[in-house]
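**Student:** Each number in this note's numbering corresponds to the 1-based position in the sequence shown with 34 added.
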Amino acid sequence: MMMKMVGAWKKSFSLVLEALDYDNDTSESGQLIERVLLSSMLNPSEQWQTYHHHGRPLSLEYRLRFRCDSNYYGPFCNKFCRARDDFFGHFNCDPSGTKVCMEGWTGPECKEAVCRQGCHQAHGSCTAPGECKCHYGWKGSLCDQCVTFPGCVYGSCSEPWQCVCDVNWGGLLCDKDLNYCGTHQPCKNGGTCTNTEPNEYHCECQEGFRGRNCDIVEHACLSSPCVNGATCVEDPTGFSCTCTNDWTGHTCAEMVRQCDRSPCGRGATCQEAPGGYSCLCPPGWTGRTCQLDTNECEMSICVHARSCRNLIGGYLCDCLPGWTGPNCDIRNSSCQGLCLNGGRCEDQVSGSRCLCQPGFLGKYCQNHDSPCDSAPCLHGGQCVEKDERTITCNCPTGFSGFFCEIALDPCNPNPCQQGVPCHSTEGRYTCSCPEGYYGNECMSLKKPCIGQHCPGAMSDTTHRGVSFYIILVGVITLVTVCGCAACAFILSHLHRKRKKQQAVPQEEGINNQREVVNLIRNVDRPVPLLPPAAPPAQPPAPPAPISRCYEEIELTLPPSPAPSHPSPALKPAHGPKLDISNREREKLNRFHYTENQEQEA
């Protein structure tokens with residue numbers, strides 16, 4: 035049972051429980067059995083508190099709990115907290131209803147994003163967790179670097195848009211070198227440097243040197259600076275050396291690299307050597323600079339070839355059958371990629387063949403070896419492969435077993451009719467039919483014997499008379515049955531008429547009598563009809579076995595009240611029994627008439 039409270043929970047409560055007895059389901063009021071009064075305090079919780087009451091008529095055990103509504107927390111259920119993740123906050127609620135900010139958010143309402151760790155609190159900010167967006171005039175990944183004045187070269191700043199020059203630099207943009215001599219040391223050969231202005235200097239040269247940087251030697255050739263037999267020539271810049279062959283450089287101290295002139299041809303590799311160079315010629319070329327063609331045929335390079343022909347930069351071998359390659363030294367094999375499914379190829383004189391792995395066959399091992407290939411199904415059974423190792427045999431008629439190895443006995447049970455013997459041969463059976471029957475199950479009558487040598491009284495010489503006399507006998511039989519039925523009707527009518535004349539006092543009772551035709555029994559037996567001896571004049575229809583049912587009925591007059599003077603005509607007696615065909619059976623079963631109808635007739 036659940037009861038909804040309105041307002042804050044006050045912890046204390048009073049509860050009245052009543053136990054009623056309802057003897058009748060239709061009654062709206064019941065008999066009070068026990069009333070329980072409970073006053074207690076209960077804190078909001080998911081746990082149940084169990085209470086026991088022991089009264090005189092009965093004992094009760096019941097449980098109570100108080101739960102706050104959704105989004106309400108606290109001991110009085112008056113603290114509201116609903117988790118959200120939107121513009122107005124990013125937080126969840128703990129069991130006490132306190133807001134717990136999601137990761138990356140802070141503040142009372144969890145709306146302030148937590149910036150990247152180390153981001154300057156004054157010079158950077160963020161709108162999403164992990165960001166650090168710099169304010170105007172600040173830069174860097176943590177927004178802790180000020181932006182210098184535009185164009186400042188050798189300066190720095192402590193606040194945005196400053197340009198504080200470094201040491202030895204000056205000017206508005208800190209691009210003037212105040213100590214050019216100390217920074218660049220431009221004076222050579224022991225000259226003394228003096229800073230005159232920003233980016234300006236003056237060199238005081240030693241004796242024997244001159245120039246802005248004291249780099250020009252006066253009377254330079256007196257010291258014989260050129261080596262390796264070179265000639266020294268003084269010029270405005272100092273001196274120059276005229277080198278001999280194989281030497282180079284400002285003072286002719288460097289040996290000339292012969293390979294730098296690319297003396298080797300035909301793509302040869304040049305190597306430096308004492309007093310010159312050497313060329314490593316590619317195949318087909320020779321000489322100091324690899325310009326001469328090599329005659330490879332003189333080296334018997336063709337192994338299994340008819341002839342060798344020298345070409346410019348190469349050669350051509352005319353290989354013998356079965357050999358290939360530039361030198362006719364590779365066996366010409368047709369095995370490459372020939373065999374499938376892991377088959378091993380074997381070279382032969384006239385070709386190659388594949389040696390297949392187990393489970394595969396075919397010229398190239400391309401066919402999977404099927405378990406049906408060994409023809410496991412016997413007696414003409416059809417083999418069906420289910421998977422690589424399982425087969426099923428569809429056996430022909432007369433055989434069974436997993437491999438159709440079991441021959442069934444077609445004579446068990448005996449299919450022959452009339453209980454005649456059955457003989458089985460090679461999955462088939464034959465019935466030993468009695469005289470006059472034939473067929474697989476002895477269900478067909480044999481054709482009547484025709485000819486002069488037939489046993490018995492049949493002397494027909496043709497087959498046509500048989501069918502004609504069968505039809506004739508059937509018609510005569512039908513006419514006879516109908517005549518017998520008409521005679522029975524007339525005799526019965528005359529018998530009742532005589533009975534009425536002889537017993538006048540009983541006329542009223544006799545008039546109420548009815549005659550009933552009762553079907554006594556129905557006897558079915560096959561009767562072969564034999565044709566007469568005389569041959570017919572017209573062609574017969576195909577002979578067929580004839581089976582006719584004779585039904586024996588009995589026409590009986592129901593007994594009437596005995597008269598004062600019994601008369602032989604009124605004696606109850608069974609009428610004559612008539613054999614009729616099946617076609618007249620329904621007529622006689624419906625044959626019913628009354629004495630009044632006889633009188634009207």
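For every residue, glycine included, the Cβ atom is placed at its ideal position computed from N, Cα and C.
This structure is a prediction, so every number in the text was calculated from the model and none was measured.
Who are the Cβ neighbours of residue 320 in its own chain at under 6 angstroms, not counting the five residues just before and after it?
**Tutor:** Excluding positions up to five away in sequence, the list reads 326, 328.
**Student:** Decide if residue 392 is buried, meaning its Cβ has at least 16 other Cβ atoms within 10 Å, or exposed.
**Tutor:** Exposed is the call here.
**Student:** Hey, could you find the ends of the alpha helix (DSSP H) residue 678 is sitting in?
**Tutor:** Any question about residue 678 goes unanswered here, given that the chain covers just 35 to 635.
**Student:** Provide the residue span of the alpha helix (DSSP H) that contains residue 285, from first to last.
**Tutor:** It is not in any alpha helix (DSSP H) - residue 285 carries neither H nor E in the DSSP assignment.
**Student:** Can you grab the Cα-Cα spacing for the pair residue 85 / residue 74, in whole Å?
**Tutor:** Going from the Cα of residue 85 to the Cα of residue 74 covers about 11 angstroms.
**Student:** Could you give the DSSP three-state label for residue 97: helix, strand or coil?
**Tutor:** DSSP places residue 97 in strand when its eight states are reduced to three.
**Student:** Within the continuous alpha helix (DSSP H) that includes residue 216, where are the two ends?
**Tutor:** It spans 214-218 - the alpha helix (DSSP H) in which residue 216 sits, taken as one unbroken run.
**Student:** I believe residue 264 touches residue 286 by the beta-carbon criterion, under 8 angstroms. Please report the beta-carbon distance rounded to the nearest angstrom.
**Tutor:** Contact holds; Cβ gap of about 4 angstroms.
**Student:** Do you know how far the Cα of residue 212 is from the Cα of residue 295?
**Tutor:** Roughly 49 angstroms between the two C-alpha positions.
**Student:** Take residue 104 as the anchor and find which of 98, 112, 97 has the nearest alpha-carbon.
**Tutor:** That would be 112, whose Cα lies nearest to the Cα of residue 104.
**Student:** Just to confirm the assignment, what range does the beta strand (DSSP E) spanning residue 46 have?
**Tutor:** Start and end: 46-55.
**Student:** Return helix, strand or coil for residue 127, following the three-state DSSP convention.
**Tutor:** The answer is strand: DSSP assigns residue 127 an E or B state.
**Student:** Distance, Cα to Cα, residue 300 vs residue 278?
**Tutor:** Cα to Cα, residue 300 sits roughly 30 angstroms from residue 278.
**Student:** Which whole runs of the beta strand (DSSP E) in the region 336-398 are 3 residues long or more, in chain order?
**Tutor:** Counting only runs of 3 or more, we get 339-345, 348-353, 378-382, 385-389.
**Student:** Looking at the secondary structure, which residues open and close the beta strand (DSSP E) in which residue 273 lies?
**Tutor:** Start and end: 272-276.
**Student:** To the nearest angstrom, how far is it from the Cα of residue 465 to the Cα of residue 446?
**Tutor:** The alpha-carbon atoms of residue 465 and residue 446 are separated by roughly 13 angstroms.
**Student:** Does the separation of the CB atoms of residue 158 and residue 144 fall below 7 angstroms?
**Tutor:** No.
**Student:** Just to check my reading of the structure: residue 54 and residue 67 have Cβ atoms closer than 8 angstroms, yes? What is that Cβ distance to the nearest angstrom?
**Tutor:** That belief holds up - the Cβ atoms of residue 54 and residue 67 are roughly 6 angstroms apart, short of 8 angstroms.
**Student:** Can you list, in chain order, the residues of its chain with a C-beta nearer than 7 angstroms to that of residue 252? Leave out the 5 residues immediately preceding and following it.
**Tutor:** Excluding positions up to five away in sequence, the list reads 242, 243, 244.
**Student:** Could you tell me the distance, in whole angstroms, from the CA atom of residue 459 to the CA atom of residue 410?
**Tutor:** If you take the alpha carbons of residue 459 and residue 410, they lie about 24 angstroms apart.
**Student:** With a threshold of 7 angstroms on Cβ separation, who are the neighbours of residue 47 within its own chain once the five nearest residues in sequence on each side are excluded?
**Tutor:** Excluding positions up to five away in sequence, the list reads 74, 76.
**Student:** Which residues in the same chain have their Cβ closer than 6 angstroms to the Cβ of residue 72, if we skip the five residues on either side of it in sequence?
**Tutor:** 49.
**Student:** Of the residues 311, 229, 428, which one's Cα is nearest the Cα of residue 420?
**Tutor:** Ranking the options by Cα distance to residue 420, first place goes to 428.
**Student:** Of all the alpha helix (DSSP H) runs that stay within the bounds of the region 169-241, which reach a length of 4 or more residues?
**Tutor:** Counting only runs of 4 or more, we get 214-218.
**Student:** Determine which residues share a DSSP beta bridge with residue 42 and list them.
**Tutor:** Beta-bridge pairing links residue 42 to no other residue.
**Student:** Residues in its own chain within less than 8 angstroms of residue 93 by CB, not counting five upstream and five downstream?
**Tutor:** The residues are 86, 87.
**Student:** What is the residue span of the beta strand (DSSP E) that residue 295 lies within?
**Tutor:** Neither: residue 295 is in no beta strand (DSSP E) and is coded neither H nor E.
**Student:** Given a cut-off of 7 angstroms, decide if residue 161 and residue 148 are closer than it, judged by their beta-carbon atoms.
**Tutor:** Not a contact, by the Cβ cut-off of 7 angstroms.
**Student:** Going by C-alpha to C-alpha distance, which of 463, 177, 330 sits closest to residue 318?
**Tutor:** It is 330 whose Cα lies nearest to the Cα of residue 318.
**Student:** Residue range of the beta strand (DSSP E) that residue 269 falls in?
**Tutor:** Looking at the DSSP string, the run of the beta strand (DSSP E) that includes residue 269 is 265-269.
**Student:** CB-CB under 6 angstroms to residue 190, same chain, minus the five flanking residues each way: which ones, in chain order?
**Tutor:** The residues are 198.
**Student:** Output yes or no for whether 7 angstroms exceeds the beta carbon distance between residue 102 and residue 78.
**Tutor:** Yes, they are a contact pair.
**Student:** Grab the span of the beta strand (DSSP E) containing residue 120 for me, first residue to last.
**Tutor:** 118-120 is the span of the beta strand (DSSP E), which, as asked, contains residue 120.
**Student:** Please report the straight-line C-alpha distance between residue 70 and residue 121, rounded to a whole angstrom.
**Tutor:** Spanning the two alpha carbons is a distance of roughly 53 angstroms.
**Student:** Check this for me: beta carbons of residue 471 and residue 444, under 7 angstroms apart or not?
**Tutor:** Cβ atoms of residue 471 and residue 444: not closer than 7 angstroms.
**Student:** How long is the line joining the alpha carbons of residue 478 and residue 532, rounded to whole angstroms?
**Tutor:** Their backbone Cα atoms lie some 53 angstroms apart in a straight line.
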